[in-house]
């Protein structure tokens with residue numbers, strides 16, 4: 001497992017079945033988080049890209065602009081949405097997980113295609 005420290009927040013990266021990637025917002029440990037939100041500067045964005053890239057198996061389309069985007073997954077009756085917003089050098093990552101389970105709303109699993117898309121979008125927020 002890889003860990004990124006962003007201010008007082010921690011993001012852990014874990015591979016599942018050598019295919020999918022689980023992104024865990026580890027510093028959010030409440031029984032029920034209404035949502036998880038982390039702000040990243042250029043250095044944080046670069047570190048996140050560098051941490052994610054070794055796990056990527058698909059071609060990445062590096063975006064030249066900072067696009068707002070929602071990336072949603074749905075499994076076992078639970079929808080999880082990772083939202084990117086902000087501007088160059090100032091990225092806000094927000095995770096919403098609509099789960100009734102306690103201690104189950106601070107992570108999202110990305111397929112190889114969604115991981116590639118996320119990395120490409122992150123490039124749009126650099127500088």
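Numbering (the numbering used here), first residue to last: 1 to 127. Cβ coordinates follow ideal geometry from the N, Cα and C atoms, glycine included.
Collapsing the DSSP output to three states places residue 101 in coil. Rounded to the nearest angstrom, the gap between the Cα atoms of residue 17 and residue 112 is 12 Å. Its chain contains 21 as the residues whose beta carbon lies nearer than 6 Å to that of residue 110, once the 5 sequence neighbours on both sides are disregarded; these appear in chain order.
A Cβ-Cβ distance of about 10 Å is found for the pair residue 126 and residue 48, leaving them out of contact under the 8 Å criterion. Taken through DSSP and simplified to helix, strand or coil, residue 12 comes out as strand. Shortest Cα-Cα distance from residue 92 to any of 31, 15, 124, 55 involves 124. Ranked by Cα distance from residue 62, the first of 46, 74, 82, 76 is 46.
Within the same chain, 1, 22 come within 6 Å of residue 14 by CB-CB distance, once the 5 residues on both sides are set aside. Across the set 81, 66, 73, 7, the C-alpha of 81 shows the shortest separation from the C-alpha of residue 34. By DSSP's assignment, residue 55 forms no beta bridge with any residue. As DSSP reads the structure, residue 86 sits in a beta bridge with 91.
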